[in-house]
Amino acid sequence: MVAVLLHDGLWLVCLLASVPLSHGQLAENGGAFDTGQSAPAVVTAAQQRRYLLYDVNPPEGFNLRRDVYLRMASLMKSLLKNEAWVLVLPPWGRLYHWQSKDLEQVRIPWSAFFDVSNLNKNIPVIEYEEFIAESGGPFIQQIYVLQGYAEGWTEGHWEEKVDERLCMEDHAYVNDKQGFYRGWFWGYKETRGLSVACVSVQGSASIIMPVLLKNTTAQSVMLDRAENLLHDHYAGKSYWDARRSMVFAKHLRVVGDEFRAKYLNSTDELDNTIYNEDWTKMKVKLGTAKGGPYLAVHLRRKDFIWGHRKDVPSIKGTAMKIQSLMKELKLEKVFVATDAAEDDLKELKSFLSKIIRFEPTQEELQLYKDGGVAIIDQWICAHARFFIGTSVSTFSFRIHEEREILGFDPKTTYHRLCGDHENECEQPTHWKIVY
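In this note's numbering, the protein residues as written are 946 to 1380.
Structure (structure tokens):
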């Protein structure tokens, strides 16, 4: 296939060989395990490596998506032992928690939130628009929609497996008049898929390797619903290498650092949190970081109020815990990161007069987007003398990891707010960093 951009997003496409058309939802355009059915490609010097793309279930939030990246990084390391691959970073946008009005939040590159050069020190990655330019156009040759097994798994018997199956649900791709598949594709309407198949998976990320290496010769392969793949080695060295490589974009860290200095009397020098932007050179002994003279709290509300009622405290219960901790730790300032509604915030302020929050101006919000503001919140929380988060929140989990990287004593990190009526309040697990 050769694609040439003419003007205004119009692409001229020449197919050098035919692509089999739909024959039902089983494989829809060539089976995942039917060799010889994958879309052909023109082999040029720029196209020697293969491209792995992925996407996640639309309702999933920013921090769960960060976790899925870690799984894809692990898969990439396994693939690279066999062939030359590069991971295409899925553009950010249209997330449930990004609810700021009058703000365009689609087709956002990873460089808006993370230092891509640091990601590349762990595995080869490129932005989606780089993929379009390098591969010859906005075309993905093979899309695999990952799903579970209709029959589930037998209680007490777990086995890793992967199979081509009928699609359990209607997928999000529609075959157009030209025989291409249209879909969301991160807001890039000009993107087309050539082939779609459903694959049932049960197991870690690398279980999909045989499909990618043996059952398709497509140069660009996308794994949709990639959250169905589990971690290969959760909290092992490979996991932590990938996690440490997710260095926040410098402009966001600078904003967080300036806020700390101005409102929280917190600097890296005072707090013993000197940061090396090259994650491969950042190795700190746990317990060496002191942190700024403030308590940091992540209070998740909104969907957690009805989704996790038992372990999410009332506003009054939250305020009482904050007051208790501030007294115990002899701290006078508290920084709160929260998605709470205005009424909840007013109630919290009625109990606590010294709440400090990062509240961006409209201009800052336009510049950093909701995702950037979330990262600034996390960065500030990560530098506090003591942190307490919300039960089973991935936002809190990411702060735990950031504090682990910075070298905080685990006793100052792994805590969560307890529900008002919880008899026992289990605290978060400490996953020790591995170098």
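Even for Gly, the Cβ is constructed at its ideal location relative to N, Cα and C.
Can you check whether the CB of residue j is closer than 9 Å to the CB of residue i?
i: Arg-1348; j: Ala-1327; result: yes
i: Arg-1110; j: Val-1144; result: yes
i: Pro-1036; j: Tyr-1133; result: yes
i: Trp-1324; j: Tyr-1179; result: no
i: Val-1051; j: Trp-1103; result: no
i: Asn-1173; j: Leu-1297; result: no
i: Lys-1235; j: Thr-1263; result: no
i: Val-1141; j: Phe-1076; result: no
i: Asn-1243; j: Gly-1334; result: Looking at the sequence provided, one finds His at residue 1243 rather than Asn. Yes. Within cutoff.
i: Ala-1282; j: Phe-1340; result: yes
i: Tyr-1239; j: Ile-1301; result: yes
i: Lys-1299; j: Glu-1277; result: yes
i: Asp-1284; j: Cys-1363; result: no
i: Leu-1351; j: Tyr-1220; result: yes
i: Gln-1164; j: Gln-1086; result: yes
Under the three-state reduction of DSSP, which class applies to residue i: helix, strand or coil?
i: Arg-1137; result: strand
i: Phe-1076; result: helix
i: Met-1021; result: helix
i: Cys-1326; result: helix
i: Gln-1123; result: coil
i: Tyr-1014; result: helix
i: Phe-1204; result: helix
i: Glu-1096; result: coil
i: Lys-1106; result: strand
i: Ile-1053; result: strand
i: Trp-1131; result: helix
i: Arg-1039; result: coil
i: Ile-1301; result: strand
i: Thr-1357; result: helix
i: Phe-1007; result: helix
i: Glu-973; result: Legend: pLDDT at Glu-973 = 45, less than 50; position of this residue unreliable, no value from coordinates given.
i: Leu-1362; result: coil
i: Ala-1319; result: helix
i: Ala-1150; result: helix
i: Val-1144; result: strand
i: Val-1070; result: strand
i: Leu-1310; result: helix
Just the C-alpha distance for residue i and residue j, rounded to the nearest angstrom, thanks.
i: Arg-1245; j: Asp-1289; result: 11 Å
i: Val-1292; j: Tyr-1184; result: As written in the sequence, residue 1292 is Glu, which differs from the Val given in the question. Distance between the alpha carbons of Glu-1292 and Tyr-1184: 40 Å.
i: Val-1279; j: Pro-1373; result: 21 Å
i: Ser-1190; j: Asn-1063; result: 5 Å
i: Leu-1009; j: Val-1146; result: 19 Å
i: Ser-1023; j: Thr-1161; result: 17 Å
i: Gly-1006; j: Asp-1315; result: 12 Å
i: Leu-1048; j: Arg-1039; result: 11 Å
i: Ala-984; j: Ala-1018; result: With a pLDDT of 37 at Ala-984, under the threshold of 50, the predicted position of this residue should be treated as unreliable, and no value is reported.
i: Leu-1310; j: Glu-1287; result: 18 Å
i: Asp-1115; j: Lys-1046; result: 31 Å
i: Lys-1390; j: Tyr-1359; result: Missing from the structure shown is residue 1390; the chain here goes from 946 to 1380 and no further.
i: Lys-1026; j: Ile-1053; result: 31 Å
i: Ala-1194; j: Thr-1099; result: 44 Å
i: Thr-1225; j: Pro-1355; result: 22 Å
i: Arg-995; j: Glu-1371; result: 45 Å
i: Pro-1072; j: Asp-1322; result: Looking at the sequence itself, residue 1072 is Glu, so the reference to Pro does not match. Those two C-alpha atoms are separated by around 25 Å.
i: Ser-1259; j: His-1366; result: 10 Å
i: Gly-1232; j: Arg-1330; result: 11 Å
i: Pro-1170; j: Val-1001; result: The displayed chain sequence assigns Arg, not Pro, to residue 1170. Distance between the alpha carbons of Arg-1170 and Val-1001: 5 Å.
i: Asn-1368; j: Arg-1011; result: 33 Å
i: Val-907; j: Glu-1079; result: Residue 907 lies beyond the range of the chain shown here (946 to 1380); nothing can be said about it.
i: Phe-1332; j: Asn-1120; result: 50 Å
If contacts are defined as beta-carbon pairs under 8 Å, then residue i and residue j qualify, I think. What distance do you get, rounded to the angstrom?
i: Gly-1237; j: Ser-1211; result: 3 Å
i: Glu-1070; j: Val-1031; result: According to the sequence shown, residue 1070 is Val rather than Glu. Confirmed, Cβ separation roughly 7 Å.
i: Phe-1058; j: Ile-1320; result: 6 Å
i: Ala-1187; j: Leu-1015; result: 5 Å
i: Leu-1157; j: Tyr-999; result: 12 Å between Cβ atoms; not a contact.
i: Gly-1148; j: Ile-1088; result: Between Ile-1088 and Gly-1148 the Cβ distance is about 20 Å, and since that is not below 8 Å, they are no contact.
i: Glu-1135; j: Pro-1083; result: 5 Å
Along the beta strand (DSSP E) that carries residue i, what are the first and last residues, could you check?
i: Ser-1165; result: 1165 to 1169
i: Gln-1401; result: What the structure shows of the chain is the stretch from 946 to 1380, and residue 1401 is not part of that stretch, so it cannot be assessed.
i: Arg-995; result: 995 to 999
i: Leu-1244; result: 1237 to 1244
i: Thr-1225; result: Neither: Thr-1225 is in no beta strand (DSSP E) and is coded neither H nor E.
i: Val-1279; result: 1279 to 1283
i: Leu-1034; result: 1030 to 1034
Starting from residue i and walking both ways along the alpha helix (DSSP H), at which residues does that stretch end?
i: Thr-1263; result: 1260 to 1274
i: Trp-1185; result: 1182 to 1190
i: Phe-1193; result: Segment: none, Phe-1193 is in no alpha helix (DSSP H) and carries neither H nor E.
i: Val-1379; result: From DSSP, Val-1379 is part of no alpha helix (DSSP H); its letter is neither H nor E.
i: Leu-1064; result: 1061 to 1064
i: Phe-1296; result: 1287 to 1296
i: Leu-1215; result: 1213 to 1216
i: Val-1156; result: 1154 to 1159
i: Phe-1342; result: 1339 to 1351
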